[in-house]
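See structure below.
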Amino acid sequence: MRGFFVFHTLKSITMTFRSWKGRMSISPTIRVRFAPSPTGYLHVGGLRTALYNYLFARKNNGTFVLRIEDTDRTRYVEGAVENLLKTLVWAGLEYDEGPVQDAGYKMQDSGFRLQVSGGRVSSNYQGVVEVGEYGPYIQSERLEIYKEHIHQLIEKKKAYYCFCTQERLEQLREAQQKEKLQTKYDKHCLNLSQSEIEENLEAKIPYVVRLNVEGNQTVVTDDVIRGRVEFDSNLIDDQVLVKSDGYPTYHFANVVDDHLMKITHVIRGEEWLPSTPKHALLYDAFEWEKPVFAHLPLLLNPDKSKLSKRQGDVAVEDYRSKGFLNEALVNFVALLGWNPGTEQELFSMEELVQQFSLERVHQAGAVFNLEKLNWLNFEHLRKKSDSEVLQMLKEQLAESRFKNKQFSDEYLLQVIEAMRPRMSFVKDIIEQSSYFFELPASYEEEGVKKRWKEETPSQLNRLIEEFSSLVNPTKEQYEQALHKAAESLGIGNGKLIHAVRLAVSGVSGGPGLYDMLFILGREEVIRRIETAIEKIKV
RNA sequence: GGCCCUAUCGUCUAAGGGUUAGGACACGGCCCUCUCAAGGCCGCGAUACGGGUUCGAAUCCCGUUGGGGCUACCA
């Protein structure tokens with residue numbers, strides 16, 4: 068009882084004084100959830116919703132729950148749940164309760180602490196174990212719970228059986244549209260007598276269960292991000308709560324589960340704002356305490372419509388496979404709709420946790436713009452240690468056309484050092500400086516035109532003579548040798564430098580020439596210059 | 001159509017009645033330099049519009065317009 072009171076009071080204070088900004092340190096255990104429906108992949112918008120839930124939970128020493136909303140059997144996608152779990156692990160969003168891949172799916176490697184042992188084996192998904200005391204965390208495994216709760220509502224006359232056919236519903240809707248009226252169920256089945264209902268039930272006539280919305284009320288929802296929002300109950304449809312296949316709709320399952328799982332804050336996308344009054348009515352019907360709502364602004368396409376496929380990549384795994392670091396994606400997505408009020412742009416997950424607050428979440432939608440994400444990837448990549456980058460490079464080399472070639476760690480580390488300021492992605496090393504892994508296949512046309520003159524071959528031969536006399540040369544010795552050659556030829560160093568670069572790499576950009584020569588080694592350098600002299604014709 | 005949300009540089013955003021409207025990405029220029037980058041410096045660039053309230057409005061109120069979401073036995 069006391070817990071209830073404290074919670075209630077705290078909530079209203081939070082609502083009323085937004086300017087107190089996160090000063091509330093005494094609070095009941097905060098519990099939030101991310102409740103995706105497994106439609107195949109994790110959407111970046113979903114990632115942000117999950118992230119904000121995660122940050123809010125961690126910031127407030129709360130609990131982060133993962134729940135799978137798979138009540139639409141027509142949208143079942145093979146492997147979607149497994150893929151979702153995998154992606155959350157990759158993103159580093161460790162949840163405290165919910166389904167996990169059996170055997171922990173390398174949970175240890177990713178720093179997840181969630182213990183799989185002791186979990187309950189999922190009945191509907193192979194290899195999935197559910198951890199936590201409020202399970203099952205998969206809605207298709209909670210059917211009995213919904214059945215029990217819908218009966219409570221029916222008894223209270225807050226919900227009722229509806230036997231209307233699709234045809235009647237369609238006709239109704241058409242008629243209403245023709246009259247320019249709001250399309251809404253006409254409560255036809257609410258007037259059925261008890262005996263009629265029983266007859267229908269007995270006759271196995273398909274039915275749904277609908278919420279009985281009373282008219283002429285104002286339904287008020289308080290939202291942390293949007294403040295007070297009011298709805299006229301005359302405009303709220305008698306929402307289907309249980310479908311004819313016996314499965315609950317989102318609206319019903321979500322309310323029942325949030326209550327049973329003791330969720331204190333519902334943080335979800337703005338697309339749910341219009342259905343929140345239905346949820347509020349459900350809480351009232353059950354006489355349950357409502358959670359605090361926070362409706363996040365939408366992520367948008369460049370044309371400002373709701374972020375969708377066909378206007379670019381929306382799956383987290385797309386970005387992962389393109390080589391984005393989880394740190395960068397998380398940092399980027401965190402800033403879409405939130406900022407700490409300082410001028411910091413670069414955040415680690417720890418910093419996000421420390422600084423996050425729901426009160427600083429924006430109200431307007433944010434365009435998902437890749438330019439900044441690229442930059443963030445560059446910044447986060449440069450924070451990685453040499454050995455971390457080495458590891459990634461080796462993995463990517465193993466999947467590249469160089470997979471059959473051997474390179475020593477020492478060699479690769481030198482390449483990494485040289486490429487660091489020029490790469491936003493690890494794969495840039497392979498794509499932009501392939502000359503570290505193979506002979507130049509061709510010579511950049513424009514470079515040849517600009518840097519390769521008639522006299523160049525003979526000048527380079529002079530340089531080869533100088534290089535040939537060197538023994539295990541250092542970068543400085545390459546430089547001295549080149550200067551010497553240039554001097555004896557009576558030309559500027561630049562003439563040789565550009566020609567050598569072209570000969571050795573095939574391109575006219577890249578790391579400092581002496582770094583490049585040093586990394587490739589004397590024999591290789593001489594060989595490449597000789598090859599170039601042979602191949603490049605002016 | 002109805003309901004709801006929303007509106008500051010191209011994009012992400014700061015500014016909670018008094019600021020030359022700040023930062024970041026992108027873009028342009030300069031410096032550095034053997035190239036390409038990186039880095040440093042500089043620049044370009046915004047309060048949608050109209051009414052109020054106020055000594056004073058990006059900020060509060062109303063309206064208009066624009067944008068978006070929702071309007072399913074999908075979530």
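Position in the first sequence (first residue = 1) + 67 = this note's numbering. Ideal placement from N, C-alpha and C gives every residue a C-beta, glycine not left out. Note that the structure is predicted; figures quoted are calculated from it, not measured.
#1: So the candidates are Glu601, Ile334, Glu543, Ala382; which of them puts its Cα closest to the Cα of Thr106?
#2: Who does Pro166 pair with in a DSSP beta bridge?
#3: What residue does the alpha helix (DSSP H) around Asp582 start on, and which one ends it?
#4: Please report the residue range of the beta strand (DSSP E) in which Ala361 lies.
#5: Got a sec, what are the start and stop residues for the alpha helix (DSSP H) Phe319 sits in?
#6: Quick one: residues in its chain with C-beta nearer than 8 Å to the C-beta of Lys551, no 5 flanking neighbours on either side, listed in chain order?
#7: In its own chain, which residues sit with a C-beta less than 6 Å from the C-beta of Phe298, not counting the 5 before and 5 after it?
#8: For Phe504, which of helix, strand or coil comes out of DSSP?
#9: Three or more C-beta pairs closer than 8 Å, one from the region 360-372 and one from the region 333-342: is that the case here?
#10: Measure the CB-CB distance between Leu457 and Leu443 and report whether it falls below 8 Å.
#11: Would you mind working out which of Lys247, Lys245, Tyr274 sits nearest Thr232, comparing C-alpha positions?
#12: Helix, strand or coil for Thr76, going by three-state DSSP, please let me know.
#13: Contact between the region 314-325 and the region 245-256 is defined here as three or more beta-carbon pairs at a separation below 8 Å; is this criterion met?
#14: So, does the region 363-379 touch the region 299-308, judging by three or more C-beta pairs under 8 Å?
#15: What is the residue span of the beta strand (DSSP E) that Tyr252 lies within?
#16: If you draw a straight line from the C-alpha of Gln463 to the C-alpha of Lys494, how long is it?
#17: Contact defined as beta carbons within less than 8 Å: I believe Lys542 pairs with Ala553. What is the distance between those atoms, to the nearest angstrom?
#18: Determine which residues share a DSSP beta bridge with Ala382 and list them.
#19: Name the two residues that bound the continuous alpha helix (DSSP H) containing Thr154.
#20: Would you kindly report the start and end of the unbroken alpha helix (DSSP H) that includes Thr523?
#21: On the premise that Tyr510 lies in contact with Leu569, defined as a C-beta separation below 8 Å, what is that separation, rounded to the nearest angstrom?
#22: Given that a residue counts as buried once 16 or more other Cβ atoms are within 10 Å of its Cβ, and exposed if not, what is Glu281?
#23: Extract the residue ranges of the alpha helix (DSSP H) inside the region 394-473, only unbroken runs of 4 or more that lie entirely within it.
#24: For Arg140, which residues from the same chain have a beta carbon less than 7 Å from its beta carbon, with the 5 sequence-adjacent residues on both sides left out?
#25: Roughly how many angstroms lie between the CA atoms of Tyr581 and Ala566, to the nearest whole one?
#26: Considering Cα atoms alone, identify which of Ser388, Gly390, Gln421 is closest to Ala401.
#27: Nearest to Ser190 by alpha carbon, out of Tyr227, Tyr201, Gln206?
#28: Secondary structure at Ile205, three-state DSSP: helix, strand or coil?
#29: Between the C-alpha atoms of Arg489 and Gly577, what's the straight-line distance to the nearest angstrom?
#30: Name the DSSP bridge partner or partners of Cys229?
#31: For Thr130 and Glu197, what's the separation of their Cα atoms in angstroms?
#32: Applying the 10 Å Cβ sphere with the 16-neighbour rule, what's the burial state of Ala147?
#33: Between the C-alpha atoms of Gly559 and Thr598, what's the straight-line distance to the nearest angstrom?
#34: How far does the alpha helix (DSSP H) with Val493 in it extend, from its first residue to its last?
#35: Would you decide whether Leu155 is buried or exposed? Buried here means 16 or more other CB atoms lie within 10 Å of its CB.
#36: Is it buried or exposed, Ala102, if we count other Cβ atoms within 10 angstroms and call 16 or more buried?
By the coordinates alone:
#1: Per the C-alpha coordinates, the member of Glu601, Ile334, Glu543, Ala382 positioned closest to Thr106 is Ala382.
#2: Glu197
#3: 580-587
#4: Ala361 -> beta strand (DSSP E) spans 359-363.
#5: 317-327
#6: Glu533
#7: Shown here for Phe298: same chain residues with a beta carbon closer than 6 Å to its own, the five before and five after excluded, namely Val286, Pro344 in chain order.
#8: coil
#9: With a cut-off of 8 Å, the region 333-342 and the region 360-372 count as touching, because enough Cβ pairs lie within range.
#10: no
#11: Tyr274
#12: Only weak support is given to the placement of Thr76: the predicted model assigns it a pLDDT of 30, under 50, and the value that follows is read from those uncertain coordinates. Residue state, collapsed to three classes: helix.
#13: no
#14: no
#15: Run containing Tyr252: none; DSSP gives neither H nor E here.
#16: 7 Å
#17: In fact, because the Cβ distance is near 17 Å, the residues do not count as touching under 8 Å.
#18: His110
#19: 147-158
#20: 523-535
#21: 6 Å
#22: exposed
#23: 416-422, 437-450, 453-465
#24: Asp312, Tyr314
#25: 13 Å
#26: Gln421
#27: Closest by C-alpha distance to Ser190, out of Tyr227, Tyr201, Gln206, is Gln206.
#28: strand
#29: 8 Å
#30: Val275
#31: So the alpha carbons of these two residues sit roughly 15 Å apart.
#32: buried
#33: Computed Cα separation, rounded: 23 Å.
#34: Run containing Val493: none; DSSP gives neither H nor E here.
#35: buried
#36: buried
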